[in-house]
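Undergrad:
Chains as they are written, first to last, in my numbering: chain E, 197 to 557; chain D, 197 to 557; chain L, 197 to 557; chain G, 197 to 557.
1. Based on DSSP bridge pairs, tell me the residues matched to residue 226/L.
2. Determine the chain E residues that contact residue 434/D at a beta-carbon separation under 8 Å, and present them in chain order.
3. Hey, residue 354/E and residue 522/E: beta-carbon distance below 8 Å or not?
4. Taking the alpha carbon of residue 164/E as the point to measure from, which residue in 197/L, 509/L, 433/L and 490/L has its own alpha carbon closest?
5. Counting only C-beta atoms, is residue 501/G closer than 8 Å to chain E at any point?
6. So is residue 463/D buried or exposed if we call it buried at 16+ other beta carbons inside 10 Å?
7. Can you give me the start and stop residues for the beta strand (DSSP E) that residue 525/D sits inside?
8. Can you list the residues of chain D that residue 367/G reaches, using a CB-CB cut of under 7 Å?
9. Any beta carbon of chain L sitting closer than 8 Å to that of residue 558/G?
10. Are the beta-carbon atoms of residue 413/G and residue 397/G separated by less than 8 Å?
11. For residue 419/E, tell me which candidate among 339/E, 487/E and 456/E has the shortest Cα-Cα distance.
12. What residues are listed by DSSP as bridge partners for residue 416/G?
13. Which residues in chain G have a C-beta closer than 9 Å to the C-beta of residue 322/L? List them in chain order.
14. Quick one, which of 219/G, 269/G and 252/G has its alpha-carbon nearest residue 261/G's?
15. Taking the alpha helix (DSSP H) that residue 510/E falls in, what are its first and last residues?
16. Quick one, which residues of the segment 216-244 of chain D are near chain E if we go by CB-CB under 8 Å, in chain order?
17. On the DSSP bridge assignment, give the partners of residue 319/E in chain order.
18. Going by C-alpha to C-alpha distance, which of 552/G, 230/G and 366/G sits closest to residue 443/G?
19. With distances taken from CA atoms, which of 433/G, 470/G, 447/G and 265/G is nearest residue 461/G?
20. Work out the CA separation of residue 468/D and residue 208/D for me, nearest whole Å.
21. Within the same chain, show all residues whose beta-carbon is closer than 7 Å to that of residue 514/G, passing over the 5 residues directly before and after it, in chain order.
22. Between the C-alpha atoms of residue 224/L and residue 282/L, what's the straight-line distance to the nearest angstrom?
23. May I ask which residues mark the beginning and end of the alpha helix (DSSP H) holding residue 480/D?
24. Would you mind sorting residue 339/D into buried or exposed? The rule is 16 or more other CB atoms within 10 Å of its CB.
25. Check the Cβ-Cβ distances between residue 162/E and every residue of chain G, and say whether any is below 8 Å.
26. Does the CB of residue 403/D have a neighbour CB from chain G at under 8 Å?
27. Taking residue 405/D as part of the beta strand (DSSP E), name the residues at either end of that continuous run.
28. Where do the ends of the beta strand (DSSP E) carrying residue 279/E lie?
29. Go ahead and pull the three-state DSSP assignment for residue 485/D.
30. Write down the C-beta distance between residue 360/D and residue 395/D rounded to the nearest angstrom, noting that I regard them as a contact closer than 8 Å.
31. Any beta carbon of chain E sitting closer than 8 Å to that of residue 287/D?
32. Hey, residue 478/L and residue 453/L: beta-carbon distance below 8 Å or not?
33. From this set, 426/D, 485/D, 328/D and 487/D, which residue's C-alpha is nearest residue 265/D's C-alpha?
34. Pull up the distance between the alpha-carbon of residue 232/L and that of residue 252/L, whole angstroms please.
35. Please confirm whether residue 533/D and residue 307/D have their CB atoms less than 8 Å apart.
36. I need the DSSP call for residue 211/E, collapsed to helix, strand or coil.
Structural data, given as structure tokens:
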């Protein structure tokens with residue numbers, strides 16, 4: 197991706213010299229997600245264009261310099277299916293890392309395929325090979341998990357683990373999820389696993405709502421086919437007139453937040469996970485929607501290495517029963533990336549997968 | 197108070213027949229606070245006018261039917277200085293009480309001087325006598341505490357204990373308090389006791405800011421004499437450019453919330469305790485002010501019996517060193533209540549005290 | 197039950213006069229659980245023998261004085277299948293209720309069939325009729341739930357909801373449950389619902405371990421057929437050598453606690469829910485088992501109304517997929533209660549059910 | 197320190213070559229604390245003797261390679277009074293760091309003067325110079341803080357910040373601290389700052405109890421001059437017969453834990469911070485002391501960079517009013533270290549300071 201709003205091009209790079217602890221992966225799959233659409237429009241800060249996008253990927257270990265261990269302490273071997281956490285270089289010792297509890301705000305933090313420059317190496321997954329710096333959190337994908345399920349979950353699943361942590365669902369809570377993109381769909385699946393009694397999904401279009409049902413939603417509401425009053429009636433009907441215990445926003449819409457705060461019950465919790473870019477302001481009556489309701493609202497920014505590792509544990513135990521691969525059902529060749537971006541932007545699919553070794557033309 | 201916006205009148209009532217466990221207090225002091233101003237304007241829901249206001253009061257025990265025990269299990273004796281929690285009749289078994297963790301939203305809950313009708317008895321403190329129903333949480337004011345300090349803290353102190361609980365200050369946190377009325381001033385004192393390293397108070401007018409300093413603020417900012425940019429500069433200067441760890445809103449202004457969310461640091465916590473009535477909407481950019489900051493926002497509605505009892509413990513140990521009585525520095529006679537209401541509304545004092553046994557004319 | 201270690205007798209009582217808000221149920225089922233065995237041995241404090249035991253029960257509404265509402269605010273109707281929370285009269289305003297956060301330690305608290313005297317009315321479920329005092333938390337059993345599933349869960353399920361709350365399982369945590377009685381089996385089911393990745397059950401005998409597997413355990417270990425070293429090896433093997441993230445004790449054995457603290461991982465959490473009576477001391481090396489491991493240990497005593505109501509929500513949504521009724525698989529007639537007690541004591545079944553309207557002889 | 201139980205010797209080392217980001221300090225003070233006594237006895241694991249002890253120290257910046265920034269992002273300058281966190285090299289990406297929430301258990305973690313070998317450089321503070329590796333968390337000591345107060349607090353203060361975090365004191369809680377060594381004394385001071393209403397210190401000898409009073413204890417109890425029954429009576433008398441809300445153990449004695457669990461109130465919290473080495477087992481009745489009390493127990497192991505930085509904030513704001521320097525009241529020359537160790541072991545002082553540039557002989 198040479199720059200904002202320029203077509204993606206194929207380029208060749210020399211194989212990097214590996215430092216001790218460095219690795220080279222042969223990419224199996226990478227993804228095109230909503231973040232890549234933002235990236236292409238130039239909406240993200242700190243991006244060193246030109247850049248090789250593709251922040252969540254899987255590859256086989258082609259080469260490692262010295263003995264390199266995964267997050268579980270075991271040595272990684274050639275041919276292993278390696279997955280890795282796209283965020284790295286958080287320092288662990290600045291104020292953000294050590295006092296604020298916000299390692300996702302560490303100034304040293306870099307993200308593969310988003311804020312790591314191509315000049316530094318083959319950092320993104322839209323490439324036949326990925327260079328893993330020493331210190332990147334890497335793991336072998338558990339045997340029970342298909343690469344397609346890992347990629348279908350992808351970055352949305354890792355974000356969803358963080359959002360579910362912030363939501364702190366109690367057994368038998370009623371949960372409302374706003375947004376049925378890749379993040380929202382994974383949140384629905386994880387809310388189901390967390391023992392929610394009722395899950396209400398509000399989103400669009402129809403095929404994503406069908407997918408939401410497959411992920412575990414008990415009720416789906418098409419946001420494009422209902423009025424706010426109709427949605428309120430449907431949600432209250434499903435929650436004994438009290439509203440859901442927990443609301444999780446994964447839509448990116450300022451109106452969703454206005455509506456969500458009104459729907460959540462007194463003393464409930466509302467997690468905001470979808471406002472990754474600036475979509476404008478929300479009009480919130482603090483008396484009616486926060487103070488008098490004794491509400492708790494939690495922003496949820498990015499993710500940490502622990503969320504990545506726990507996403508792997510979830511997949512290892514539960515991937516068999518959850519259609520994660522359906523989130524990334526369509527796969528593109530390396531020379532079809534502009535089409536993949538266009539399809540993602542038009543919301544023709546929640547997420548596109550890329551097979552960098554394949555060429556369509 | 198015969199009805200909204202009607203002058204307060206003096207009326208006589210028969211002494212009530214006490215049921216077993218009931219008590220009659222001879223009122224020493226009651227208060228006129230901001231809530232009473234709202235009450236007088238008819239801004240509160242569920243008020244059964246005519247009503248005897250005065251929700252926080254102190255009196256000596258004049259009569260009790262049978263042996264009545266205080267919250268600590270000890271028998272109350274005639275002549276004891278009795279203080280009591282104005283909220284009663286929360287059922288403890290409905291959904292709000294037992295599942296939601298919001299006993300302040302229990303439908304059975306009543307508040308002395310606000311939602312308890314005069315017809316039921318002498319419920320408010322703007323009266324020579326107060327009838328305490330069986331089941332009201334009552335306690336003897338500790339000897340070390342002057343009645344004036346208890347009343348100066350009053351309802352604001354109990355609300356402040358709740359707000360401080362919601363704020364969950366960690367030792368050495370920097371705390372910003374918006375609003376320097378009775379609630380804000382008590383929050384400043386309690387934040388100091390809780391080990392805040394720096395306390396910034398934003399409010400007005402000048403005499404309340406001087407009081408804020410006495411209560412423990414390190415820096416005071418006059419909201420009427422500064423621009424938002426100047427306030428931001430002052431706050432950032434005091435917090436190494438990061439913003440306070442904790443913000444507590446006790447002003448009731450929609451603009452204060454907009455400003456407060458922008459000032460609190462990444463990963464910080466913001467408590468909304470001042471929006472007791474509807475003052476209009478706030479314009480909040482959820483991306484910039486909540487999600488990207490990974491913020492936590494907590495509404496704080498009303499209080500519970502435990503906050504009342506812990507306020508007494510705070511006073512017993514610390515009242516000597518904190519000028520609580522200065523919050524309610526001016527005392528009115530029973531026939532000066534209309535003047536007291538007018539002075540409270542004009543913000544001539546954070547809170548007025550009433551001595552019901554005194555007559556000015 | 198005339199007194200400790202005396203045979204249970206059949207007695208007749210007059211129908212009580214109902215006060216306003218009182219109800220009379222025609223008992224469908226009650227239970228004989230481990231607590232009743234302790235009760236019969238005289239091991240519990242505050243029991244006013246003679247007593248009608250049976251603390252968790254279900255009945256149809258036979259009579260109500262006035263309009264009585266359930267916990268959800270709806271009016272209860274004759275013939276409704278009523279379930280109710282056995283604990284009542286907690287005052288909500290003493291130090292235990294309002295400051296300590298321990299309503300289960302309120303001095304006014306009474307428990308149907310355990311600390312409520314027969315002289316006060318028909319309080320226990322080992323009876324054809326149950327008198328519900330005004331103020332008891334009652335609800336209609338959701339239509340989707342069979343009475344046998346409600347009773348199979350019974351008091352163990354309510355305790356399990358509390359234990360699961362205290363355990364605060366994070367998605368993908370590995371959970372070890374010690375004890376496979378009625379409480380332990382329900383905890384296993386709820387841990388599965390809460391998104392545990394691996395559940396290890398340690399208990400006995402073989403038929404309960406088989407039931408543990410049905411409730412959701414991934415690995416069961418027979419405590420009577422393994423050495424501590426073998427158990428350690430099995431648990432570590434299942435948890436990558438680190439030990440489980442969460443341990444929940446529901447066995448009542450002092451040795452289980454010693455072993456459990458050693459097995460839980462560094463920084464893990466250990467909930468003690470099984471020591472309802474005094475079974476002697478545990479020898480704990482605080483350096484090795486708590487401090488150096490940075491462990492968190494939480495006692496879990498009794499339950500609160502919210503746990504009862506949330507247990508109903510769990511049953512409504514999930515009872516279809518969990519074999520709760522298998523926990524109380526055997527049903528006894530009213531004149532077989534001595535046999536039921538003997539079978540419960542001999543651990544021939546996790547829990548016995550009683551049908552008070554049936555006679556065997 | 198050539199090895200366990202061998203006299204400390206003076207040795208000379210070459211000045212190390214600084215890598216980019218490395219620094220050399222001229223030591224002003226270091227400390228001899230209880231850990232150094234354990235170190236000398238060979239009771240700690242992973243110590244690479246010979247070693248230069250002295251884990252908490254202060255020095256002036258003598259030399260830095262390149263521009264080096266402190267934890268607050270500002271450039272450190274020659275002559276600055278530098279303090280630093282003795283723990284370093286925690287990886288931030290292993291299971292202990294990223295999933296368990298136990299960075300203090302990271303296998304890569306090293307501690308200056310304890311587990312860092314002398315062969316790697318001048319790591320301990322019992323030396324004229326200290327080599328700071330790149331990545332060590334360093335900060336300029338705030339101007340308002342005397343070096344003697346920083347050192348008097350020292351490692352005990354950092355541990356105390358961690359213990360106070362784990363204790364999660366609520367405003368007006370009653371706090372019992374067991375142990376009046378360097379850690380216990382700092383905990384008393386921090387509990388006072390955190391708004392405890394009553395602080396009870398149990399320890400010995402008399403001069404430390406006097407110091408406990410100066411740090412903020414309301415009641416001190418000499419553990420060597422009282423029976424367990426007398427201590428129970430004193431503690432209950434001070435806490436309305438309920439016991440303290442919070443207990444913090446900083447004594448290292450297995451009996452203290454047995455006693456402390458019995459004294460803390462129902463629903464209270466008990467933090468174990470003093471069992472840094474193995475002093476044998478405690479006999480704990482789990483029914484009586486944990487389960488029936490609904491207690492919470494938290495181990496507290498080591499500390500993290502955030503505790504160090506927040507200790508600096510506490511000192512900056514409050515050192516003026518707290519006699520931290522009295523904890524380390526006696527200073528030794530570099531050639532008096534064997535005497536300092538002997539005095540520390542004999543408990544003649546809570547902590548000894550060392551001035552490495554001074555020679556007594």
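In this text, a Cβ means the ideal position worked out from N, Cα and C, and glycines have one as well. Note that the structure is predicted; figures quoted are calculated from it, not measured.
TA: Reading off the structure:
1. DSSP, once it has assigned bridges, lists 253/L and 550/L as partnering residue 226/L.
2. Chain E residues near residue 434/D: none, gap ~15 Å exceeds 8 Å.
3. Cβ distance not < 8 Å, so residue 354/E and residue 522/E don't count as in contact.
4. Nothing in the structure corresponds to residue 164/E, since chain E is present only between 197 and 557.
5. It does; some Cβ of chain E falls within 8 Å.
6. The residue is buried, with at least 16 neighbouring Cβ atoms inside 10 Å.
7. For residue 525/D, no beta strand (DSSP E) segment is defined, and its DSSP state is neither H nor E.
8. Within 7 Å Cβ-Cβ: 357, 360, 386, 389, 390, 506 and 510.
9. Nothing can be reported for residue 558/G: it is not among the residues displayed for chain G, which extend from 197 to 557.
10. The Cβ atoms of residue 413/G and residue 397/G lie closer than 8 Å to each other.
11. Residue 456/E is the option with its Cα nearest to residue 419/E.
12. Residue pairing by DSSP places residue 416/G opposite 397/G in a beta bridge.
13. Within chain G, not a single residue places a beta-carbon under 9 Å from that of residue 322/L; the smallest gap is close to 26 Å.
14. For residue 261/G, the nearest C-alpha among the options comes from 219/G.
15. According to the DSSP assignment, residue 510/E belongs to the alpha helix (DSSP H) that extends over 501-514.
16. For the segment 216-244 of chain D, which is checked against every Cβ of chain E, not one residue is closer than 8 Å.
17. Residue 319/E is not bridged to any residue.
18. Closest by alpha carbon: 366/G.
19. The residue with the shortest Cα to Cα distance from residue 461/G is 433/G.
20. When only Cα atoms are considered, residue 208/D and residue 468/D end up about 40 Å apart.
21. Correct list, in chain order: 389.
22. Rounded to the nearest angstrom, the two C-alpha atoms are 16 Å apart.
23. Judged by DSSP secondary structure, residue 480/D falls outside any alpha helix (DSSP H) and instead within the beta strand (DSSP E) spanning 478-480.
24. It counts as exposed.
25. Nothing about residue 162/E can be reported from this structure: the residues present for chain E run from 197 to 557 only.
26. By this cut-off, residue 403/D is not an interface position.
27. Residue 405/D -> not in any beta strand (DSSP E); alpha helix (DSSP H) instead, spanning 402-411.
28. Run containing residue 279/E: 277-280, per the beta strand (DSSP E) assignment.
29. In the three-state reduction of the DSSP assignment, residue 485/D falls in the helix class.
30. A Cβ-Cβ distance of about 12 Å is found for the pair residue 360/D and residue 395/D, leaving them out of contact under the 8 Å criterion.
31. Under the 8 Å criterion on CB atoms, residue 287/D is classed as non-interfacial with respect to chain E.
32. Going by C-beta atoms, residue 478/L is nearer than 8 Å to residue 453/L.
33. Checked all of 426/D, 485/D, 328/D and 487/D; the closest Cα to residue 265/D is 328/D.
34. The alpha-carbon atoms of residue 232/L and residue 252/L are separated by roughly 11 Å.
35. The answer is no: Cβ separation not under 8 Å.
36. Coil at residue 211/E, not helix or strand.
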